[in-house]
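First up is the structure itself, then whatever we jot down about it.
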Amino acid sequence: MNIKIGLIESPRELVINSELSHDEAVKLVKDVLGKADDVVELADAKGRKYLVRTNAIAYVEVGSSEQPIVGFGGA
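Numbering follows my numbering, with no gaps: position 64 of the sequence shown is 562.
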């Protein structure tokens with residue numbers, strides 16, 4: 499599952515390829531964003547951990563981990 503986090507006052511996004519399911523990722527984000535001074539901890543598929551302050555999060559996009567079809571294969 500790809501999780502894209504936009505940060506306040508930052509032009510870059512944090513993109514994490516997590517092993518969480520879509521529902522698990524959405525629940526985690528909803529639970530943590532309700533707390534003002536908290537930190538969300540996410541782990542990617544390679545075991546790296548990311549700690550992000552919730553008051554620095556502008557938006558979160560939870561998408562699929564499927565690779566897009568490129569070329570004429572999807573036509």
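Note that beta-carbon positions come from the ideal geometry of N, C-alpha and C, so glycine has one too. This one's a predicted model, so the numbers in the text were calculated from it and none came from an experiment.
Practice task
Measure how close the beta-carbons of Asn500 and Ala543 come, nearest whole angstrom, since I'm counting them as under 8 Å.
Solution key: Position 2 of the sequence shown holds residue 500. Position 45 of the sequence shown holds residue 543. Not really, about 10 Å apart at Cβ, beyond 8 Å.
Handout entry: 8 Å contact criterion, which Lys533 and Ala541 should meet: CB distance rounded
Key = Residue mapping note: residue 533 aligns to position 35 of the sequence shown, counting from 1. Residue mapping note: residue 541 aligns to position 43 of the sequence shown, counting from 1. Contact doesn't hold; Cβ gap of about 19 Å is too wide.
Handout entry: Neighbourhood of Ala556 by C-beta, 7 Å cutoff - its chain only, sequence neighbours within 5 removed
Key = Against the sequence shown, residue 556 aligns to sequence position 58. For Ala556, where only same-chain residues beyond five positions count, the Cβ hits under 7 Å are Gly504, Leu505, Ile506.
Handout entry: Distance between Arg551 and Ala523 (C-alpha atoms, nearest Å)
Key = For this step, residue 523 is matched to residue 25 along the sequence shown. For this step, residue 551 is matched to residue 53 along the sequence shown. When rounded, the separation of the alpha-carbon atoms in Ala523 and Arg551 is 16 Å.
Handout entry: Residue range of the beta strand (DSSP E) that includes Glu559
Key = In the sequence shown, the residue the question calls residue 559 occupies position 61. Per DSSP, Glu559 belongs to the beta strand (DSSP E) from 555-561.
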